[in-house]
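Contents: one structure, followed by commentary.
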Amino acid sequence: MSELIEQLRKDVRFIEGLNSCINCGVCTAICPAAQFYEYDPRQIADTLQRGNEEEIERLMKSDTIWYCGECLSCKTRCPRGNTPGYLIQALRNLAQQTGFYAFSERGRQQLEIKRRIGDNMLKYGYCVYVDEINTDYHPEQGPVWDWYRQNTGTILKRLGANYRGDGAGTLRVISESDLTELRSIFDKTGALKQFEDIEKMADD
Amino acid sequence: MIKDGKEQVWPDYQKEIAPDNYYYARSCIRQNFFPGSEETFLKIVGKVLGKEIYDDPHQTTCTGIAYHSGIIPMETTMTVVARQFSLMNDAGYKNFLASCVTSFGIYTEIIETWEHFPETFEKTKDYLIRATGRSFKLPENLAHTSDIIYKFRNEIASMAKIRLVNKHTGKPLRVVEHIGCHYAKIFPKKGVGGAEFPKVLTGMIETWGGEVIDYPERRHCCGFGFRNYIVKENRGYSLSNTKKKFDSMEPYKPDFIVTNCPGCTFFLDRWQYVLAESEGKTYDDNGYGIPVLTYEEMAGLVLGFDPWEMGMQLHQVSVETLLDKMDVCYDRNKKYLGYEDQPIGSPEEPEVLKV
Chain U
1 MSELIEQLRK
11 DVRFIEGLNS
21 CINCGVCTAI
31 CPAAQFYEYD
41 PRQIADTLQR
51 GNEEEIERLM
61 KSDTIWYCGE
71 CLSCKTRCPR
81 GNTPGYLIQA
91 LRNLAQQTGF
101 YAFSERGRQQ
111 LEIKRRIGDN
121 MLKYGYCVYV
131 DEINTDYHPE
141 QGPVWDWYRQ
151 NTGTILKRLG
161 ANYRGDGAGT
171 LRVISESDLT
181 ELRSIFDKTG
191 ALKQFEDIEK
201 MADD
Chain R
205 MIKDGKEQVW
215 PDYQKEIAPD
225 NYYYARSCIR
235 QNFFPGSEET
245 FLKIVGKVLG
255 KEIYDDPHQT
265 TCTGIAYHSG
275 IIPMETTMTV
285 VARQFSLMND
295 AGYKNFLASC
305 VTSFGIYTEI
315 IETWEHFPET
325 FEKTKDYLIR
335 ATGRSFKLPE
345 NLAHTSDIIY
355 KFRNEIASMA
365 KIRLVNKHTG
375 KPLRVVEHIG
385 CHYAKIFPKK
395 GVGGAEFPKV
405 LTGMIETWGG
415 EVIDYPERRH
425 CCGFGFRNYI
435 VKENRGYSLS
445 NTKKKFDSME
455 PYKPDFIVTN
465 CPGCTFFLDR
475 WQYVLAESEG
485 KTYDDNGYGI
495 PVLTYEEMAG
505 LVLGFDPWEM
515 GMQLHQVSVE
525 TLLDKMDVCY
535 DRNKKYLGYE
545 DQPIGSPEEP
555 EVLKV
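Chains U and R, in that order, are what the protein sequence lines are. Last residue of the first sequence? That's 204 in the numbering used here, and every number before it is there in order. Last residue of the second sequence? That's 559 in the numbering used here, and every number before it is there in order.
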């Protein structure tokens, strides 16, 4: 058996995601990513089912595995209970463990996502936080966002939020003790190591 | 819609929704982008319906956005979910309520994974105790916040100040409902009506007097796509998906759109602004766009809440066209005020999209 397949089989999403693909293409028909990219989830399932080591390595080094939007519409539709979206999750995970993700432009975007989402979680306990979002990087937010950012405190107070406050409520400060538990989970389960690896790969 | 098919599968897609005593797990996206909706939900459930609901200061992100962007291992998400359940246990609750559709999908997926792969459950327990000293028990009931509003739609109707009816024509307002993909596409039996005939929003709309629009791309993803939106260079994916929905719904002339997902609400609102400014295209007859509401905003209007106290001024597509059709009593001059009517100016007006 392919060594990469053996590695993938350690991921429950691979086990859950690939039963027996009949190549009907329903997943591709329903897939939003397939409509806008050169992307075909049917081919992903087929490649993994064939189990050719070189093909799988080529796939993991390509942009292809990074196109999926993880809407998981494929899970609803597959007549054989496969889930190409889960297979993508397993491939992305292994691509980062092996370093293959750095071979593709889309894969290298993990650095941007780590810095935009990962660092927020460790700093605030939220995956996004109003103070970090501006219309330079997010022009689609529109002028209403600029107004909101210029007046965040008073607008949120009007709406009954607890912005930067202690205790419960919308956009409260998450206490240091709670953040310590969250960071400890990230440490023990390998997320901090993954963050370090992503940063190190960018330096190299 | 094939009614016979619906009748056959419908009994399989009912879900049990706890009647009271909820542990409330907040949404990162909603707190930041639609902060008034979470407060409105708490007000409806706690004060209007008189239910017990606990807003825990110790909760954190569920990590869902990071998980679906592939920057953290599955074990991290499992253990953060386990901690959230541990917090619920500490607070003495058994009914877990997720405010975010991505989170709801995460909690559902993790519980299913623990059932299918018991070794992952044992591993998570070990991670959690080593990281935090905590242990946990699973919730007895897991629901999304839109399930709660759906469950009590008739009670809300009985207290309604306004119905979803066009005051000019006397006809039902025409509503596009959009269900977040992770509400029922991953685990159809965990959503009211499943993935084929989701009832969670249509139940509210029809009970409150509106008419649901069926259109070709009704079940298409809003286009969030996680990393396809987060990274600026990838956003064409997100915009294109949402445009596909707008193009499909436009001929049916919706009065408004309502969604049950934080991301969907955001994209259906903001991409209308982008399409107006970049292509000169708006999707209504008068250049204002189609208002996009959360289900709490829709329920709040029905209950007579002030739109600005619910934060509807933070939409980029203005909502006044809908408020006027519904005959909502509101003060246009109070839209852009701060706390205790503090004057804080108003946002710049877009060049094309009217506000």
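No residue lacks a Cβ here, since even glycine has one placed at the ideal position from N, Cα and C. Here the structure is a predicted model, which means the values were calculated and not measured.
Any C-beta of chain U under 9 angstroms from that of residue i
{"i": "S350(R)", "result": "no"}
{"i": "H262(R)", "result": "yes"}
{"i": "K562(R)", "result": "This structure cannot settle anything about residue 562(R), because the visible part of chain R is limited to 205 through 559."}
{"i": "N445(R)", "result": "yes"}
{"i": "K389(R)", "result": "yes"}
{"i": "E500(R)", "result": "no"}
{"i": "W512(R)", "result": "yes"}
{"i": "N464(R)", "result": "no"}
{"i": "C425(R)", "result": "yes"}
{"i": "P277(R)", "result": "yes"}
{"i": "P551(R)", "result": "yes"}
{"i": "N432(R)", "result": "yes"}
{"i": "L332(R)", "result": "yes"}
{"i": "P223(R)", "result": "no"}
{"i": "G515(R)", "result": "yes"}
{"i": "L518(R)", "result": "yes"}
Residue i at chain R interface by Cβ criterion, 9 angstroms
{"i": "Q7(U)", "result": "no"}
{"i": "S104(U)", "result": "no"}
{"i": "N82(U)", "result": "no"}
{"i": "V130(U)", "result": "yes"}
{"i": "F36(U)", "result": "yes"}
{"i": "K75(U)", "result": "yes"}
{"i": "A168(U)", "result": "yes"}
{"i": "K114(U)", "result": "yes"}
{"i": "E181(U)", "result": "yes"}
{"i": "G99(U)", "result": "no"}
{"i": "S175(U)", "result": "yes"}
{"i": "G118(U)", "result": "yes"}
{"i": "E16(U)", "result": "yes"}
{"i": "P79(U)", "result": "no"}
{"i": "N93(U)", "result": "yes"}
{"i": "C27(U)", "result": "no"}
Beta carbon of residue i nearer than 9 angstroms to that of residue j
{"i": "K394(R)", "j": "T281(R)", "result": "no"}
{"i": "T486(R)", "j": "V556(R)", "result": "yes"}
{"i": "A295(R)", "j": "T349(R)", "result": "no"}
{"i": "V462(R)", "j": "M502(R)", "result": "yes"}
{"i": "F428(R)", "j": "F471(R)", "result": "yes"}
{"i": "L405(R)", "j": "H382(R)", "result": "yes"}
{"i": "G169(U)", "j": "D259(R)", "result": "yes"}
{"i": "T154(U)", "j": "Q546(R)", "result": "yes"}
{"i": "W66(U)", "j": "G99(U)", "result": "no"}
Partner residues on chain R for residue i, Cβ-Cβ distance less than 7 angstroms
{"i": "Y137(U)", "result": "K436"}
{"i": "N151(U)", "result": "G542, I548"}
{"i": "V12(U)", "result": "T317, F321, T324"}
{"i": "I155(U)", "result": "G542"}
Neighbourhood of residue i by C-beta distance below 6 angstroms, restricted to the same chain and skipping five residues each side
{"i": "M121(U)", "result": "C127"}
{"i": "Q49(U)", "result": "C21"}
{"i": "C465(R)", "result": "V305, G384"}
{"i": "H152(R)", "result": "Past the edges of chain R, shown from 205 to 559, lies residue 152(R), and the structure says nothing about it."}
Within chain U, partners of residue i - CB distance below 8 angstroms
{"i": "W475(R)", "result": "E140"}
{"i": "F428(R)", "result": "G69, C71"}
{"i": "R287(R)", "result": "E181, L182, I185"}
Closer than 8 angstroms at the beta carbon, the chain R residues around residue i
{"i": "I56(U)", "result": "By Cβ distance, chain R contributes nothing, its closest Cβ being about 17 angstroms from I56(U), past 8 angstroms."}
{"i": "S2(U)", "result": "Chain R residues near S2(U): none, gap ~21 angstroms exceeds 8 angstroms."}
{"i": "S184(U)", "result": "A335, T336"}
{"i": "R172(U)", "result": "P261"}
{"i": "D146(U)", "result": "P551, E552"}
Neighbourhood of residue i by C-beta distance below 7 angstroms, restricted to the same chain and skipping five residues each side
{"i": "I310(R)", "result": "C266, G268, Y271, T281, V285"}
{"i": "I15(U)", "result": "R9"}
{"i": "K389(R)", "result": "A399"}
{"i": "S307(R)", "result": "A229, S231, C266, G268"}
Beta carbon proximity, residue i to chain C, threshold 9 angstroms
{"i": "V380(R)", "result": "The displayed structure is made up of protein chains U and R, and chain C is not among them."}
Contact set between residue i and chain U, taken where Cβ atoms lie within less than 9 angstroms
{"i": "R422(R)", "result": "Result: empty, since nearest Cβ-Cβ is about 13 angstroms, beyond 9 angstroms."}
Neighbouring residues, chain R, relative to residue i (Cβ below 9 angstroms)
{"i": "Y39(U)", "result": "Residues of chain R passing the Cβ test: none, with the nearest at roughly 10 angstroms."}
Nonlocal neighbours in the same chain, by C-beta distance under 8 angstroms from residue i, ignoring five residues either side
{"i": "Y540(R)", "result": "Q517, I548, G549, S550, P551"}
{"i": "Y477(R)", "result": "G493, Q520, V521, P554, L557"}
{"i": "W214(R)", "result": "G397, F401"}
Legend entry - Start-end ranges of the alpha helix (DSSP H) lying completely within the segment 476-558 of chain R, minimum 4 residues: Taking only runs of at least 4 residues, the alpha helix (DSSP H) segments lying wholly in the segment 476-558 of chain R are 499-507, 524-530.
Inset, instruction - Identify every run of the alpha helix (DSSP H) within the segment 318-393 of chain R, keeping only runs that are complete inside it and at least 4 residues long; order them along the chain. - result: 322-336, 349-355, 357-362, 385-388
Inset, instruction - Entirely within the segment 36-78 of chain U and at least 4 residues each: give me those alpha helix (DSSP H) ranges in chain order. - result: 41-50, 53-60, 73-77
Inset, instruction - Tell me the start and end of each unbroken alpha helix (DSSP H) in the segment 407-483 of chain R that is at least 4 residues and wholly inside, in chain order. - result: 431-434, 439-453, 466-483
Legend entry - Ordered list of alpha helix (DSSP H) runs contained in the segment 206-279 of chain R, each at least 4 residues: Counting only runs of 4 or more, we get 207-213, 232-237, 239-246, 268-271.
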